[in-house]
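K.L.:
Every number in the working numbering is 24 more than the matching position in the sequence shown, counting from 1.
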Amino acid sequence: MRWFVICGMVALAFAAASLLAAYGYGRFAERAGGEPSRAFTHDGHRTAFDERIGALTAGKGSASGLSMLASNLDAFAARALSARAAHRSLDLMYYIWNDDLTGRLLMREVTAAAERGVRVRLILDDFGVSDLDEAFVALASHPEIELRLFNPTRVRENAVRRGVEMALRAFSVTRRMHNKAWIVDGSLAVVGGRNIGDEYFDAAEDSNFRDLDLLAVGPVVRQSEQVFDDYWNSGLALPIAALTNPSVSGPDELSRRLQSPASEEAAVPYLARLRERISVDALLDKQAIHWSDRIELIADPPEKALGEHGENWLMQKLLPVLGSARQSLQITSPYFVPGDTGSAELVAISGRGVSVAVLTNSLAATDVAAVHGGYAPYRRSLLQGGVALFELRPSIRSGDISLLGSGGASLHTKAFTVDARIGFIGSLNFDPRSASLNTEMGILFEVPELVEAMQEVFAEEISPSFSYEVLLDDGSSLLWRGEEDGRPVFYDQEPEASMTRRLIAWTVGFLPLESQL
């Protein structure tokens, strides 16, 4: 009884401290919030970039245009070259922006735009850029650049105190902004699954992500600007200057960080691709743009990070679309934890005669082994219900994955297609974290040509050269079918996965952590 009373008192004390921390943080956020601002209108002087986009959209009415960026190198070039074309504004929001080769190269392009007088607004998730305050304070020291961190901690430098704050704010601090958008002059946007960092642009030495973005023009870009403005003015994105000591970094530090990347040998392929494409005009000429008035940017409201007004909003909007499948449903999700409800929905769709296939990471390929532990318990029921499962191999057997010689691969694409009609590319994983905790965004479209291109990518990635097919042996045991030297090979346990990874996944499968995965 005594220990029960002690535990109860500790729990009450922790709850009181959590409420006090949440209240104190709310008051702090109200004081620290920056001045509201909005995307620029297109009234007034028309720039060369306006004329170029105007020529593309002329005669298209309410239709928007989309082009798929499957190549990591082209995805880098689209961001860099569009930044060079900017005349009015760059509005950028990302979960991760790494201080590495490609992160610095793109930071240099953003700073060069600011030097020309372009207004730069940048929203970054606080967890995605942890320990990089110095770099981003330096960036925000530029008079044309304003940087805000989404749902940040107040404590920045003391690891112990920051840990205490995170523990006391556990309910809210785990809710992150997972959105990804690169918006130029309110006329062109790049939306999809890629963050900013070497592994997203084929520059990582160990393993690189396979991913998809959409380059967008037309009315859907204005929709993306509205989403950006909602987050910028939400009160959840706080100016970095209100969180850190501005004196720790400034223009000299920014200059130092931006000088080194171009001289590195590893930068050569990226600078060569920019010279090859020359300009955003050349990039747009190269890209096949598909037009439709059935294109919509959809996003969770920022209030989802508070646990109110929009919980599960994006998934609730997409579930009827998934359920509308009549011939085929193809889902690509690097972190796939369907849960009991999601599994039942997919099995029900399959039961109507729809071909349902899911591509996710193998245990050996994933960068988060714990998430695989949340997915693994659902494989048998999905397979028994007629859902086909494929898991990306950690090393691709054909093609060049990395410019630096690495054959390592990991899936990062978040997409699906319904029949030959509907497609979605964005930041949303099919897991509880994306559904209930993180904010997400993406583009939903009815563009048959683009859906066909996505299905071609999917067919390549589920081929034996790229992925293992998961099968049932005697109705209960799992088998993985792969290929070596053109011959089928079967495995009776997670192929190529280390014992450590298997132990992590197995342990997580028994713990009550699914809601956080």
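Virtual Cβ for every residue (Gly too), placed ideally from N, Cα, C.
(1) Among the residues of its own chain, which have a CB less than 7 Å from the CB of Glu168, if the five just before and after it don't count?
(2) Using a Cβ distance threshold of 8 Å, determine whether the segment 160-177 contacts the segment 448-460, with at least three qualifying pairs required.
(3) Quick one: measure Cβ to Cβ for Leu356 and Ala439, integer angstroms, because I've assumed they're closer than 8 Å.
(4) Which class does Asp237 belong to by DSSP, given the choice of helix, strand or coil?
(5) I need the straight-line Cα distance from Lys84 to Ala312, nearest angstrom please.
(6) Keeping to the same chain, check which residues put their C-beta closer than 8 Å to that of Leu343; ignore five residues upstream and five downstream.
(7) Pairs of beta-carbons, one from the segment 56-73 and one from the segment 214-230, closer than 8 Å: are there three or more?
(8) Name, in chain order, the residues that DSSP records as bridge partners for Ala261.
(9) For Thr441, which beta-bridge partners are listed by DSSP?
(10) First and last residue of the beta strand (DSSP E) that includes Leu114?
(11) Thinking just about the alpha-carbon of each residue, which of Ala389, Gly466 and Ala102 is nearest to the one in Phe490?
(12) Suppose contacts are defined by Cβ-Cβ distances below 8 Å. Is Leu238 in contact with Met33 by that definition?
(13) Say whether the segment 402-409 touches the segment 313-320, bearing in mind that this needs 3 or more beta-carbon pairs closer than 8 Å, one atom from each stretch.
(14) What does the alpha-carbon distance come out to for the pair Glu507 and Gln247?
(15) Could you give the DSSP three-state label for Ser106: helix, strand or coil?
(16) Hey, how far is the Cα of Gln540 from the Cα of Gly217?
(17) Would you tell me roughly how many angstroms separate the C-alpha atoms of Gly431 and Glu485, rounded to the nearest one?
(18) Looking at Ala372 and the ligand ATP, is the gap between the Cβ and the nearest heavy atom below 7 Å?
(19) Apart from the five residues just before and just after Leu535, which ones in its own chain have a Cβ nearer than 6 Å to its Cβ?
(20) Just tell me which of Leu527, Met117, Leu474 and Tyr402 has its CA closest to the CA of Ser501.
(21) According to DSSP, is Asp98 helix, strand or coil?
P.N.:
Straight from the coordinates:
(1) Within the sequence shown, residue 168 is the residue found at index 144, counting from 1. Within the same chain, Glu168 has close Cβ partners Ala138, Gly141, Val142, Arg143 and Val144.
(2) Remark: fewer than three beta-carbon pairs, one from each stretch, lie closer than 8 Å, so the segment 160-177 and the segment 448-460 are not flagged as touching.
(3) As a first step, residue 356 is located in the sequence shown; it is residue number 332 there, counting from the start. As a first step, residue 439 is located in the sequence shown; it is residue number 415 there, counting from the start. It should be noted that the sequence gives Thr, not Leu, for residue 356. 5 Å between Cβ atoms; contact.
(4) In the sequence shown, residue 237 corresponds to position 213, counting from 1. In the structure shown, Asp237 sits in a strand (DSSP, three-state: E or B).
(5) Locating residue 84 in the sequence shown gives position 60, where the first residue counts as 1. Locating residue 312 in the sequence shown gives position 288, where the first residue counts as 1. C-alpha of Lys84 to C-alpha of Ala312: approximately 16 Å in a straight line.
(6) Within the sequence shown, the letter at position 319 stands for residue 343. Within the same chain, Leu343 has close Cβ partners Glu369.
(7) no
(8) Taking the first residue of the sequence shown as 1, we reach residue 261 at position 237. Looking at the DSSP assignment, Ala261 forms a beta bridge with Phe174.
(9) On the sequence shown, residue 441 is found 417 positions in, with the first residue counted as 1. The partner list for Thr441 (beta bridge, DSSP) reads Gln354 and Gly447.
(10) The sequence position of residue 114 within the sequence shown is 90, counting from 1. Element bounds for Leu114: Ser113 to Tyr118.
(11) For the purposes of this step, residue 490 is identified with residue 466 of the sequence shown, where counting begins at 1. Of Ala389, Gly466 and Ala102, the residue nearest in Cα terms is Ala389.
(12) Position 214 of the sequence shown, counting from 1, holds the residue named residue 238. Position 9 of the sequence shown, counting from 1, holds the residue named residue 33. Against a cut-off of 8 Å, the Cβ pair of Met33 and Leu238 comes out as no contact.
(13) Because the criterion of three Cβ pairs below 8 Å is not met, the segment 402-409 and the segment 313-320 do not touch.
(14) Within the sequence shown, residue 507 is the residue found at index 483, counting from 1. Within the sequence shown, residue 247 is the residue found at index 223, counting from 1. The straight-line gap from Cα to Cα measures roughly 44 Å.
(15) By one-based count along the sequence shown, residue 106 stands at place 82. Helix at Ser106.
(16) Sequence index remark: in the sequence shown, residue 540 carries index 516 (1-based). Sequence index remark: in the sequence shown, residue 217 carries index 193 (1-based). Taking the straight line from one Cα to the other gives about 20 Å.
(17) For the purposes of this step, residue 431 is taken as residue 407 along the sequence shown, with counting starting at 1. For the purposes of this step, residue 485 is taken as residue 461 along the sequence shown, with counting starting at 1. Bear in mind that a pLDDT of 48 at Gly431, under 50, signals an unreliable position, so the number given afterwards is only what the model happens to contain. Distance between the alpha carbons of Gly431 and Glu485: 15 Å.
(18) The ligand ATP is not part of this structure, which contains no ligands at all.
(19) Position 511 of the sequence shown holds residue 535. Nothing meets the Cβ criterion.
(20) Residue numbering aside, residue 501 sits at position 477 when the sequence shown is read from its first letter. Among Leu527, Met117, Leu474 and Tyr402, the Cα nearest to that of Ser501 belongs to Tyr402.
(21) Taking the first residue of the sequence shown as position 1, residue 98 is located at position 74. If DSSP states are grouped into helix, strand and coil, Asp98 belongs with the helices.
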